[in-house]
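Enquirer: Numbering (the UniProt record's numbering), first residue to last: 1 to 226. We put the CB at the ideal spot given by N, CA and C, even for glycine. Only a predicted model underlies this, so the values are computations on that prediction, with no experimental measurement involved. Here's a structure for you.
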Amino acid sequence: MNYTYLLINLAVLFFPLVLSFDKKVHFFSKWKFVLPAILLTGAVFLAWDLLFVKLDIWSFNPKYITGINLLGLPIEEILFFLTVPYACIFIYECLNAYFPANGLEKYSLAISNLVLGLCVAILFFGYSKWYTLINFGFLFIVLAYVEYVNKKIRFMYRFYRAYLVSLIPFYIVNGFLTSIPVVLYNSKEILGMRVGTIPFEDHFYLMALLLMNVYLYQFFKSRVAR
Numbered sequence: 001m002n003y004t005y006l007l008i009n010l011a012v013l014f015f016p017l018v019l020s021f022d023k024k025v026h027f028f029s030k031w032k033f034v035l036p037a038i039l040l041t042g043a044v045f046l047a048w049d050l051l052f053v054k055l056d057i058w059s060f061n062p063k064y065i066t067g068i069n070l071l072g073l074p075i076e077e078i079l080f081f082l083t084v085p086y087a088c089i090f091i092y093e094c095l096n097a098y099f100p101a102n103g104l105e106k107y108s109l110a111i112s113n114l115v116l117g118l119c120v121a122i123l124f125f126g127y128s129k130w131y132t133l134i135n136f137g138f139l140f141i142v143l144a145y146v147e148y149v150n151k152k153i154r155f156m157y158r159f160y161r162a163y164l165v166s167l168i169p170f171y172i173v174n175g176f177l178t179s180i181p182v183v184l185y186n187s188k189e190i191l192g193m194r195v196g197t198i199p200f201e202d203h204f205y206l207m208a209l210l211l212m213n214v215y216l217y218q219f220f221k222s223r224v225a226r
């Protein structure tokens with residue numbers, strides 16, 4: 001058995017879990033909102049993952065996983081949708097607690113419109129590639145819903161700040177996963193642009209994953225508040 005991917009998951013979770021009892025953030029008290037958000041989002045992304053494996057869009061290097069499978073996926077990949085969202089929501093809450101002032105409030109809608117426009121442009125040129133099509137199509141739908149259909153929960157100015165900070169551990173973790181490599185991409189199904197060894201699409205995969213998690217997290221919190 002090789003524990004590389006498993007150890008990466010545990011490393012992602014370690015500090016956010018230990019620091020969840022920080023007196024200012026009290027993240028442990030928000031677990032009742034975090035858990036359903038992660039589970040619902042994870043169900044969507046696991047279905048996406050299974051589809052990608054069946055379509056041979058990506059696969060997992062057997063040298064770096066334990067070989068334990070669940071629902072047709074390596075157990076480490078399923079854990080990924082628990083550990084990464086937990087860490088990202090933790091970052092989101094820490095930033096809100098320690099830095100409540102946020103200069104992005106005036107610009108968040110403009111940023112969202114820019115991202116939506118980028119999704120449309122990339123879909124126009126990359127619609128024939130499955131990862132590109134599903135990734136940017138899904139992000140477009142979720143972002144458009146959050147900005148233009150959802151009227152009660154406004155958080156995008158805080159979301160974009162958390163996303164930018166989350167890119168730091170993203171480059172470390174995804175850098176390992178794609179350079180070793182643990183995850184293998186079908187070059188025919190991606191645009192071919194990379195930042196180091198990380199496919200360009202992965203940046204927006206992270207955005208979609210984080211956005212759905214944070215929206216549901218805020219949704220469950222708002223229901224209790226009301």
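#1: Using DSSP's beta-bridge definition, name the partner residues of L184.
#2: DSSP state of V195, grouped into three classes?
#3: To the nearest angstrom, report how far apart E189 and K63 are at their CA atoms.
#4: Buried or exposed: where does L184 fall if 16 or more other Cβ atoms within 10 Å of its Cβ makes it buried?
#5: Contact defined as beta carbons within less than 8 Å: I believe S112 pairs with M156. What is the distance between those atoms, to the nearest angstrom?
#6: With a cut-off of 8 Å, do at least 3 Cβ pairs link the region 22 to 41 to the region 81 to 88?
#7: For L209 and T41, which I take to be in contact (beta-carbon distance under 8 Å), what is that distance rounded to the nearest angstrom?
#8: Quick one, which of F21, I134, K106 and E105 has its alpha-carbon nearest L55's?
#9: Relative to the C-alpha of Y5, which candidate in E76, V142, L19 and S108 has its C-alpha closest?
#10: Since K24 contacts A97 with CB under 8 Å, what's their CB separation in whole angstroms?
#11: Could you give the distance in angstroms between the alpha-carbon of E201 and the alpha-carbon of I91?
#12: Assuming D49 is part of the alpha helix (DSSP H), what are its boundary residues?
#13: Answer yes or no: do V115 and L143 have a C-beta to C-beta separation smaller than 8 Å?
#14: Of the residues K221, L10 and F21, which one's Cα is nearest the Cα of C94?
#15: Would you mind stating whether F136 and F81 have Cβ atoms separated by less than 8 Å?
#16: Among residues of its own chain, excluding the 5 on either side of C119, which ones have a beta-carbon nearer than 7 Å to its beta-carbon?
Expert: Taking the coordinates as given:
#1: The residue you call residue 184 lines up with position 184 of the sequence shown. When DSSP reads this structure, L184 sits in a beta bridge with S59.
#2: Indexing the sequence shown from 1 puts residue 195 at position 195. Annotated three-state conformation of V195 is strand, per DSSP.
#3: In the sequence shown, counting from the first residue as 1, residue 189 sits at position 189. In the sequence shown, counting from the first residue as 1, residue 63 sits at position 63. Straight through space, the alpha carbons of K63 and E189 are spaced by roughly 23 Å.
#4: Locating residue 184 in the sequence shown gives position 184, where the first residue counts as 1. A residue is called buried when at least 16 other Cβ atoms come within 10 angstroms of its Cβ; L184 does not meet this threshold and is exposed.
#5: Here residue 112 corresponds to residue number 112 of the sequence shown, with the count starting at 1. Here residue 156 corresponds to residue number 156 of the sequence shown, with the count starting at 1. The C-beta separation of S112 from M156 comes to about 6 Å, placing the pair in contact by the 8 Å criterion.
#6: Taking 8 Å as the limit for Cβ pairs, the verdict is that the region 81 to 88 does touch the region 22 to 41.
#7: To locate residue 209, count along the sequence shown from 1; it is residue 209. To locate residue 41, count along the sequence shown from 1; it is residue 41. Indeed, because the Cβ distance is near 7 Å, the residues count as touching under 8 Å.
#8: Here residue 55 is taken as the residue at index 55 of the sequence shown, counted from 1. The option with the nearest alpha carbon to L55 is I134.
#9: Counted from its first residue, the sequence shown places residue 5 at position 5. Out of E76, V142, L19 and S108, the CA that lies nearest to the CA of Y5 is found in E76.
#10: In the sequence shown, the residue the question calls residue 24 occupies position 24. In the sequence shown, the residue the question calls residue 97 occupies position 97. In this structure K24 is in contact with A97, their Cβ atoms being roughly 5 Å apart against a cut-off of 8 Å.
#11: Against the sequence shown, residue 201 aligns to sequence position 201. Against the sequence shown, residue 91 aligns to sequence position 91. In a straight line, the C-alpha of E201 is about 22 Å away from that of I91.
#12: On the sequence shown, position 49 is the one that residue 49 refers to. Residues W31 to K54.
#13: By one-based count along the sequence shown, residue 115 stands at place 115. By one-based count along the sequence shown, residue 143 stands at place 143. The answer is yes: Cβ separation under 8 Å.
#14: By 1-based counting over the sequence shown, the position of residue 94 is 94. Nearest option by C-alpha distance: F21.
#15: As a first step, residue 136 must be located in the sequence shown, where it is residue number 136. As a first step, residue 81 must be located in the sequence shown, where it is residue number 81. For F136 and F81, no; Cβs fall outside 8 Å.
#16: In the sequence shown, the residue the question calls residue 119 occupies position 119. Correct list, in chain order: F136, L139 and F140.
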